[in-house]
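J.:
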Amino acid sequence: KVGVHHRYPQHLHNQVGPDGDGLGARLAARLLPENVHEIELVLPLPPDEALGLARSVLAVLGEPVDETRLSDDKYELRAVVGSGALNLNPAVVTLQLVATTPASTTIRVRGVAKEGLIPQRAGRKAAERVSACLRTSGQP
Numbered sequence: 001k002v003g004v005h006h007r008y009p010q011h012l013h014n015q016v017g018p019d020g021d022g023l024g025a026r027l028a029a030r031l032l033p034e035n036v037h038e039i040e041l042v043l044p045l046p047p048d049e050a051l052g053l054a055r056s057v058l059a060v061l062g063e064p065v066d067e068t069r070l071s072d073d074k075y076e077l078r079a080v081v082g083s084g085a086l087n088l089n090p091a092v093v094t095l096q097l098v099a100t101t102p103a104s105t106t107i108r109v110r111g112v113a114k115e116g117l118i119p120q121r122a123g124r125k126a127a128e129r130v131s132a133c134l135r136t137s138g139q140p
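With the numbering used here as the guide, the letters of the sequence shown map in order to residues 1 to 140.
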């Protein structure tokens, strides 16, 4: 068994290429179809509370990667969230928060994931999971 473990990384190295640039993986990812799903919800929370809730939900469910203030009353947050079978398929979830009124916030949840040969609808599942968490946590 020790010999197998020592040879296995070399085998992967030979498949990727001598410099390990991952060209084959990038090419395969471009050819795979994407599963995209969007959900819009209105939370009965002021914009600053909704922003805090969105940050915490994304931190619990995944790995936050980006936060942008688009205008005074509009934010965009992005995270990589596990989805699909056993949450092993990564999906990018983007939240756009817009102040609807001083006491409510509209959140657009967008999930995107690559689909393999067996469709898992990981983008949809990730968007639904984040939306459900926002809805249940956002109740006064």
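Backbone N, C-alpha and C fix where the C-beta goes; we use that ideal spot for every residue, glycine too.
Can you list, in chain order, the residues of its chain whose CB lies under 6 Å from that of Pro90, leaving out five sequence neighbours each side?
T.: Once the five neighbours on either side are set aside, the close Cβ partners of Pro90 are Val80.
J.: Could you check the C-alpha separation between Thr136 and Leu117 for me, to the nearest Å?
T.: So the alpha carbons of these two residues sit roughly 34 Å apart.
J.: Locate the alpha helix (DSSP H) running through Ala171, then write down its first and last residues.
T.: What the structure shows of the chain is the stretch from 1 to 140, and residue 171 is not part of that stretch, so it cannot be assessed.
J.: What separation, rounded to the nearest whole angstrom, lies between the Cα atoms of Glu49 and Thr68?
T.: One C-alpha to the other measures close to 16 Å.
J.: Terminal residues of the continuous beta strand (DSSP E) containing Leu117?
T.: It is not in any beta strand (DSSP E) - Leu117 carries neither H nor E in the DSSP assignment.
J.: May I ask you to report which of helix, strand or coil DSSP gives Pro47?
T.: Note: Pro47 maps to helix in three-state DSSP.
J.: Distance check for Glu115 and Ala122, CA to CA, integer angstroms please.
T.: Each residue's Cα considered, the two are about 8 Å apart.
J.: Under a Cβ-count criterion, where at least 16 other Cβ atoms within 10 Å of its own Cβ denotes burial, should Pro47 be classed as buried or exposed?
T.: Buried is the call here.
J.: Do Leu58 and Leu77 have their beta-carbon atoms positioned less than 7 Å apart in this structure?
T.: In this structure, Leu58 lies closer than 7 Å to Leu77 by Cβ.
J.: Closest to Leu88 by C-alpha separation, out of Leu41, Gln120 and Ala99, would be which residue?
T.: Cα-wise, what sits closest to Leu88 is Gln120.
J.: For the beta strand (DSSP E) containing Gly22, list its first residue and its last residue.
T.: No beta strand (DSSP E) contains Gly22, which DSSP labels as neither H nor E.
J.: In whole angstroms, what separates the C-alpha of Lys125 from that of Gln96?
T.: Answer to the nearest angstrom: the Cα atoms are 18 Å apart.
J.: For Leu134, which of helix, strand or coil comes out of DSSP?
T.: Leu134 falls in the helix class under three-state DSSP.
J.: Between the Cα of Glu40 and those of Thr101, Thr94, Gly82 and Gly84, spot the shortest distance and give me the residue it belongs to.
T.: Considering only alpha carbons, the answer is Thr94.
J.: Please name the residue in Glu128, Leu53 and Pro64 whose C-alpha comes closest to that of Gly84.
T.: Out of Glu128, Leu53 and Pro64, Glu128 has the C-alpha closest to the C-alpha of Gly84.
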